[in-house]
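Numbering (my numbering), first residue to last: 645 to 1040. Here a beta-carbon is modelled for each residue, glycine too, at the ideal position from N, C-alpha and C. Every value quoted in this text rests on a predicted model; they were computed, and no experiment measured them.
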Amino acid sequence: MKILIAGAGLGGLTAALALFERGFDVTILEQASVLGEIGAGVQLSANATRVLYHVGVGERVEPLACEPLGKNVRLWSTGQTWPLFDLGAHSRQQYGFPYFTLHRADLHQALVDGVRAVKPDAIQLGERVVELQQTDNGVIVHTARGGRYEADVVIGADGVHSAVRAKFFGPDQPRYSGIMAWRGVIDATRLPEHLRTPYGVNWVGPGAHVIHYPLRAGRLVNFVGVVERDGWMVESWSERGEREDCLRDFKGWHDDVQALINAIEIPYKWALMVREPMQRWVDGRVALLGDACHPTLPFLAQGACMAIEDAYVLARCLSQHAAHPDTALARYESLRTERTARVVHGSAANAKRFHNPELAHAAGAAAYVEREWTTEKIHQRYDWLFEYDANSVAVE
Ligand code: FAD
């Protein structure tokens, strides 16, 4: 079976590796003329790292990944700290695989290297997919610069602004969430010692929250500052912002937050959009995966994890039903819609939890944190995510 993937992002590349393992011929069409990832971090829980080890990339990224010892909640005003849940050794013990925090570029490079090791010319650069036609037993794909490709199956892994989704499922309808994210990468040597710890930290406050965690074996720190505000609607990884604006958004927050913002190399900003989960994302021989079909707010840190899970389940379905690609794609869709919709809704619920008005004052905040972040509630909120095994869900 010949398979074309639109998009060499985290999901598309994982799909290619999982498909190669099962003997498929795969070509990836990527719109960018140079491969790379933006300067930002990504957290990958055990449900995703499990897949990375299955496709041979886990070991490759280990030297560049961090395995935080734990995660702490801190209060915006006083800096009071509550341990949230253990990651590090705990993740390996409980879920069998590590919790990694990684620079996106390091993960992307490892996936690209894995794909090219199998098929050096698998990734066709500068090929933006603009048109697709289904035929009786396949799909024809056209690219902006005149390329024409034929395949038995096409996978739209072309991200949140997916052209494949637009073609088969119509325009999407994003709604501004009222929340924007500041993000930046920090050279750890620019931070005081106590902010260079091997912990992920989630600062909570009224109308905003801040996440930071170590990257690249602790040499970098990833910063994400999320704030409720109007007037900013651009959903882009590459939109630069001004440090003064970011400082203004976190005025009055603890000195540690100010120190982090002051140390960011280049602050970027991203408007967070809400989209309702799609009911369907398979049409004949075309299937979507990742942000193309279930973009989510980042408050469960699961967008990339879901793309990686999708990729593996899809490859297993295609392998199981190789003689009947339509059946394979339908099975894939039926296995993935409920779980990914739950992530979309759970992420939105976490926005409310992280920004609760009770967090404004220390006494109310202490009661709120102690109520919302008990070990039991953490397990309720996260176990169903982290325990998922893309290699054992029934694809028959
Ligand atoms: P992408 O990574 O967007 O890749 C799409 C690829 O398709 C790109 O290479 C693009 O150039 C290409 N493309 C686009 N259009 C075309 C076309 N027409 N033809 C050919 N190629 C095309 N997720 C986590 O799991 N953990 C986190 O900690 C986390 N943090 C986040 C923080 C923020 C602030 C945000 C905004 C998101 C975060 N996410 C996180 C979500 C995660 O970044 C995405 O869910 C993930 O990148 C989706 O992967 P993908 O492969 O579907 O799409």
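task = Below 8 angstroms on the Cβ atoms is my guess for Phe867 versus Leu904; work out the distance and round it to an integer in Å.
result = Residue 867 sits at position 223 when you count from the first residue of the sequence shown. Residue 904 sits at position 260 when you count from the first residue of the sequence shown. Correct: roughly 5 angstroms between the Cβ atoms.
message = Are there any heavy atoms of the ligand FAD lying less than 7 angstroms away from the beta-carbon of Leu839, as far as the coordinates show?
response = Residue numbering aside, residue 839 sits at position 195 when the sequence shown is read from its first letter. No, the Cβ of Leu839 stays beyond 7 angstroms of every heavy atom of the ligand FAD.
key: alpha helix (DSSP H) segment containing Gln777, residue limits   = In the sequence shown, residue 777 corresponds to position 133, counting from 1. Where Gln777 is concerned, there is no enclosing alpha helix (DSSP H), although the beta strand (DSSP E) it sits in stretches over 773-779.
task = Check whether the segment 744-759 touches the segment 857-876, counting contact only when three or more Cβ pairs, one atom from each stretch, lie closer than 8 angstroms.
result = yes
ask   = In or out: Asp935 buried (at least 16 other Cβ within 10 Å) or exposed?
value = On the sequence shown, position 291 is the one that residue 935 refers to. Counting Cβ neighbours within 10 Å, Asp935 comes out buried, since at least 16 surround it.
query = Opposite Phe867 in the DSSP bridges: which residues?
reply = Mapped onto the sequence shown, residue 867 falls at position 223. DSSP output for Phe867 lists Gly828, His856 as bridge partner(s).
request  = Below 8 angstroms CB to CB, which residues in the same chain sit around Met877 once its five sequence neighbours on both sides are set aside?
outcome  = By one-based count along the sequence shown, residue 877 stands at place 233. The residues are Tyr820, Ala915.
task = Using only the heavy atoms of the ligand FAD, determine whether one of them is closer than 7 angstroms to the beta carbon of His805.
result = To locate residue 805, count along the sequence shown from 1; it is residue 161. Yes - the ligand FAD has a heavy atom lying nearer than 7 angstroms to the Cβ of His805.
inquiry  = For the alpha helix (DSSP H) containing Asp970, name the first residue and the last one.
reply    = Indexing the sequence shown from 1 puts residue 970 at position 326. Note, Asp970: alpha helix (DSSP H), 969-998.
Selected residue, minimal CA-CA separation from Pro911, among Leu673, Gly656, Glu886 = For the purposes of this step, residue 911 is taken as residue 267 along the sequence shown, with counting starting at 1. Relative to Pro911, the option among Leu673, Gly656, Glu886 whose CA is nearest is Glu886.
ask   = Does the beta-carbon distance from Met824 to Val871 come in below 8 angstroms?
value = The residue given as residue 824 occupies position 180 in the sequence shown. The residue given as residue 871 occupies position 227 in the sequence shown. Contact flag set, yes.
Backbone secondary structure at Ala915 - three-state DSSP = Locating residue 915 in the sequence shown gives position 271, counting from the first residue. Note: Ala915 maps to strand in three-state DSSP.
ask   = In whole angstroms, what separates the C-alpha of Leu708 from that of Val901?
value = Locating residue 708 in the sequence shown gives position 64, where the first residue counts as 1. Locating residue 901 in the sequence shown gives position 257, where the first residue counts as 1. Spanning the two alpha carbons is a distance of roughly 25 angstroms.
DSSP-derived helix/strand/coil call for Glu681 = Reading the sequence shown from its first residue, position 37 is the one you call residue 681. In the structure shown, the three-state DSSP call for Glu681 is coil.
ask   = Which residues in the same chain as His898 place their Cβ atom closer than 6 angstroms to its Cβ, once the five residues preceding and following it in sequence are excluded?
value = Residue numbering aside, residue 898 sits at position 254 when the sequence shown is read from its first letter. So the qualifying residues of the chain are Gly723.
request  = Assuming Val865 contacts Leu835 (C-beta within less than 8 angstroms), just tell me the rounded distance between them.
outcome  = Mapped onto the sequence shown, residue 865 falls at position 221. Mapped onto the sequence shown, residue 835 falls at position 191. With 8 angstroms as the limit, Val865 and Leu835 qualify as a contact, their Cβ atoms being about 6 angstroms apart.
Bounding residues of the alpha helix (DSSP H) (the contiguous stretch that carries Gln738) = What you label residue 738 is simply residue 94 of the sequence shown in a count that begins at 1. Start and end: 732-739.
task = Please report the residue range of the beta strand (DSSP E) in which Phe744 lies.
result = Working through the sequence shown from its first residue, we reach residue 744 at position 100. Taken as a continuous stretch (DSSP letters only), the beta strand (DSSP E) holding Phe744 covers 744-747.
inquiry  = Looking at the ligand FAD, does it come within less than 7 angstroms of Arg986, judged from the CB to the closest heavy atom?
reply    = Position 342 of the sequence shown holds residue 986. Arg986 Cβ: outside cutoff for every heavy atom of the ligand FAD.
request  = Give every residue of the same chain whose Cβ lies closer than 7 angstroms to the Cβ of Tyr843, excluding the five residues on either side of it in the sequence, and list them in chain order.
outcome  = Counted from its first residue, the sequence shown places residue 843 at position 199. Closer than 7 angstroms at the Cβ level, and outside the excluded window around Tyr843, lie Pro712, Leu713, Gly714, Lys715, Asn716.
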